[in-house]
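Beneath this line is the structure, given in structure tokens, with notes to follow.
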Amino acid sequence: MKRLIMSMVAVCLAWGASATVVLPKILGSNMVMQQNSEVKLWGKSEADKGVTVVVSWAKGKIKTKADDKGNWSVMVATPAGSYDKHTITISDGEPLTLENIMFGDVWVCVGQSNMEMPVKGYMHQPVENSMQFIRRAGAMRDKIRMFTVQKARSYDKDLDDCVGEWREAAPESVAETSAVAYFFAHELVHHLDYPVGVITAGWGGSRVECWMPLAALREIATEEQIKHKHTLHPLTPSELYCGMIAPVRDYAAKGFLWYQGEANLGYQSLEYLGDIDHYDVMLARMAKQWREDWGDKEAKMPFYYVQIPPYFYCNSYTDTTLPLFVECQERAMNIIPNSGMAATTDLGDATCLHPPKKFEIGERLAALAMAQTYGAKGFEAKAPQYESHEVLEDGKVKVKMKNAPQGLAPWSNVPVKGFELAGEDRKFYPAQARVWGSIVTVWCDEVKKPVAVRYAFHNVVGEVNLKNLYGVPAIPFRTDDWNDVR
Numbered sequence: 006m007k008r009l010i011m012s013m014v015a016v017c018l019a020w021g022a023s024a025t026v027v028l029p030k031i032l033g034s035n036m037v038m039q040q041n042s043e044v045k046l047w048g049k050s051e052a053d054k055g056v057t058v059v060v061s062w063a064k065g066k067i068k069t070k071a072d073d074k075g076n077w078s079v080m081v082a083t084p085a086g087s088y089d090k091h092t093i094t095i096s097d098g099e100p101l102t103l104e105n106i107m108f109g110d111v112w113v114c115v116g117q118s119n120m121e122m123p124v125k126g127y128m129h130q131p132v133e134n135s136m137q138f139i140r141r142a143g144a145m146r147d148k149i150r151m152f153t154v155q156k157a158r159s160y161d162k163d164l165d166d167c168v169g170e171w172r173e174a175a176p177e178s179v180a181e182t183s184a185v186a187y188f189f190a191h192e193l194v195h196h197l198d199y200p201v202g203v204i205t206a207g208w209g210g211s212r213v214e215c216w217m218p219l220a221a222l223r224e225i226a227t228e229e230q231i232k233h234k235h236t237l238h239p240l241t242p243s244e245l246y247c248g249m250i251a252p253v254r255d256y257a258a259k260g261f262l263w264y265q266g267e268a269n270l271g272y273q274s275l276e277y278l279g280d281i282d283h284y285d286v287m288l289a290r291m292a293k294q295w296r297e298d299w300g301d302k303e304a305k306m307p308f309y310y311v312q313i314p315p316y317f318y319c320n321s322y323t324d325t326t327l328p329l330f331v332e333c334q335e336r337a338m339n340i341i342p343n344s345g346m347a348a349t350t351d352l353g354d355a356t357c358l359h360p361p362k363k364f365e366i367g368e369r370l371a372a373l374a375m376a377q378t379y380g381a382k383g384f385e386a387k388a389p390q391y392e393s394h395e396v397l398e399d400g401k402v403k404v405k406m407k408n409a410p411q412g413l414a415p416w417s418n419v420p421v422k423g424f425e426l427a428g429e430d431r432k433f434y435p436a437q438a439r440v441w442g443s444i445v446t447v448w449c450d451e452v453k454k455p456v457a458v459r460y461a462f463h464n465v466v467g468e469v470n471l472k473n474l475y476g477v478p479a480i481p482f483r484t485d486d487w488n489d490v491r
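Here our numbering is used: the first residue of the sequence shown is 6, the next is one more, and so on.
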């Protein structure tokens, strides 16, 4: 904590310096800048002093003047993405040169500890196959660049700057980088012919309310809710938006990745904004805010997020707290334009809140981006979802799934695991199931007249195997509305 405070003091002192150009930390050597865009360069200088910007990819000079507080900014057109290296020189009489700059797509990756979790893992909590990615990181040196926003909080005042630096992919830098963000970029660059930059901001235990400003919260919550007693850090509304999002929101980006929800799920029983019934609204308002901050008035910037994986939530394996929350996450896709959710039904760890299979999560996020943002064909990135069902005269139930144009797996005579049926008594029993195309036929000897079917509808579901042909698991679902039935 002392080191963090000293770092922030150093930033403040630097911003207050005169007679030379000072840039925010997000602008620096080794950065990836958003391609084919009008990007902002900004900083501080001596009050009322002229500032000149020269970029290596364009002719001429861009001139501006600092205001009476020393603030200045210019807009610069960027070229198409490539592996060419560029420089930017900014001078108010004393030049400052940024080197090794590349153009590509920049993704802003935010969340709590599962987004923050580095490739090297946490103490006693490894990331699967981390060694091979760390050892081979040098091969990605000119393909992936990373910026990690160091932890900072501010309740009601947007911070001007953050602590962090752009780093090339190398064993030591990749080891410290968000695993989900890095694996996303790692898979994406195989599809793109230019670099990917990831900006990561994460804080373990943070709620969705922490990542949006108070003005946005007031649109969907009362002052009483905002000032609820559960405002101890890191639960305080807006503090991480002001401390970690505000300093980088002027940096042009392609889209957003979000991996958060465990904190809101864990506090779902409290009388507090952001519980299961409201998380979709909260998430949608946050996504809208970020897009506005990045100048996206038409909601074109993609927003992809992660389904919260199975875990021993609320001290119960059989409780349905998690799937109820996933329902809310699923609803969010319908109210957040240009969004998608990476399914994790098969990736949880009953005893560890930080599942080790981070590569699969990054890969599935990248698949969503490739299909929905970059127009890649030949695969289905969306998870199979419940569409409809029909109860047959023989007591079987036919469930139709969407997002499975080439059918579902496992095929034919291989049992599908994870289904349950209930009759009018509302008692659920494990059911048998078989797949044919995009239809799952479900039956259970104990339930002769089924009225409800559920799939993977518990906190911990064991082995579940309903997927599309590309290995994307189905999202948990139910056909009933019995919230009191666990």
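The beta-carbon is built from N, C-alpha and C at its ideal position, and this holds for glycine as well.
Secondary structure note for residue 100: its beta strand (DSSP E) is the uninterrupted segment 100–116. A distance below 6 Å between beta-carbons, with the five flanking residues on each side excluded, links residue 88 to the following residues of its chain, in chain order: 147. Within the same chain, 139, 140, 142, 143 come within 8 Å of residue 176 by CB-CB distance, once the 5 residues on both sides are set aside. Contact between residue 60 and residue 81 holds, since their C-beta atoms are separated by about 6 Å, short of 8 Å. A direct Cα-Cα distance of roughly 33 Å separates residue 205 from residue 391. Here the C-alpha atom of residue 425 lies approximately 24 Å from the C-alpha atom of residue 356. Around the Cβ of residue 393, a 10 Å sphere holds fewer than 16 other Cβ atoms; the residue is exposed. Ranked by how close their Cα comes to the Cα of residue 283, the residues 308, 259, 330 have 330 in first place.
Nearest neighbour of residue 172 by Cα position, chosen from 299, 105, 310, turns out to be 105. Assignment of beta strand (DSSP E) within the segment 397–423, counting only whole runs of 3 or more residues, yields 402–407 in chain order. The residue from 123, 364, 73 with its alpha-carbon nearest to that of residue 208 is 123. Annotated as proximal: residue 346 and residue 309, with beta-carbon spacing under 9 Å. Note that the C-beta distance between residue 30 and residue 116 is not below 9 Å. In this structure, the beta-carbon distance from residue 395 to residue 405 falls below 9 Å. Nearest to residue 66 by C-alpha distance, out of 95, 86, 48, 83, is 95.
A straight line joining the alpha-carbon of residue 186 with that of residue 240 spans about 23 Å. Look at residue 159 here: in three-state DSSP terms it is coil, with no helix or strand label. Cβ neighbours of residue 401 within its own chain (closer than 7 Å, five residues either side excluded): 446, 447, 448. When the five nearest sequence neighbours on each side are left out, the beta carbons in the same chain lying within less than 6 Å of the beta carbon of residue 409 are those of 389, 443, 473, in order along the chain.
Residue range 326–340 is occupied by the alpha helix (DSSP H) that includes residue 336.
The C-beta separation of residue 125 from residue 255 comes to about 31 Å, leaving the pair out of contact by the 8 Å criterion. For the pair residue 479 and residue 350, the CB atoms are nearer than the 9 Å cut-off.
When the five nearest sequence neighbours on each side are left out, the beta carbons in the same chain lying within less than 6 Å of the beta carbon of residue 307 are those of 260, 343, 378, in order along the chain.
Boundaries of the alpha helix (DSSP H) around residue 135: 135–140. Counting other Cβ atoms within 10 Å of its Cβ, residue 314 reaches 16 or more and is therefore classed as buried.
At a Cβ-Cβ threshold of 9 Å, residue 201 and residue 110 count as neighbours. Under the three-state reduction of DSSP output, residue 293 falls in the helix class. The distance from the Cβ of residue 68 to that of residue 55 is about 7 Å, consistent with a contact at the 8 Å cut-off. Measuring C-alpha to C-alpha distances from residue 411 to each of 371, 387, 181, 419 identifies 387 as the nearest. Taking each of 407, 363, 490 in turn and checking the Cα distance to residue 119, the smallest one comes out for 363. Residue pairing of residue 152 in beta bridges, as defined by DSSP: 171, 204. Leaving aside the five residues that flank residue 434 on each side, the residues in its chain whose CB is nearer than 8 Å to its CB run, in chain order, 425, 426, 427, 449, 451, 452. Excluding residues up to 5 positions away in sequence, 20, 27, 75, 76 lie with their Cβ nearer than 7 Å to the Cβ of residue 49 in the same chain. Counting along the chain, residue 269 sits inside the alpha helix (DSSP H) bounded by residues 267–271. Residue nearest to residue 476 within the set 197, 482, 413 is 413 (criterion: CA-CA distance).
DSSP, read as helix, strand or coil, puts residue 347 in strand.
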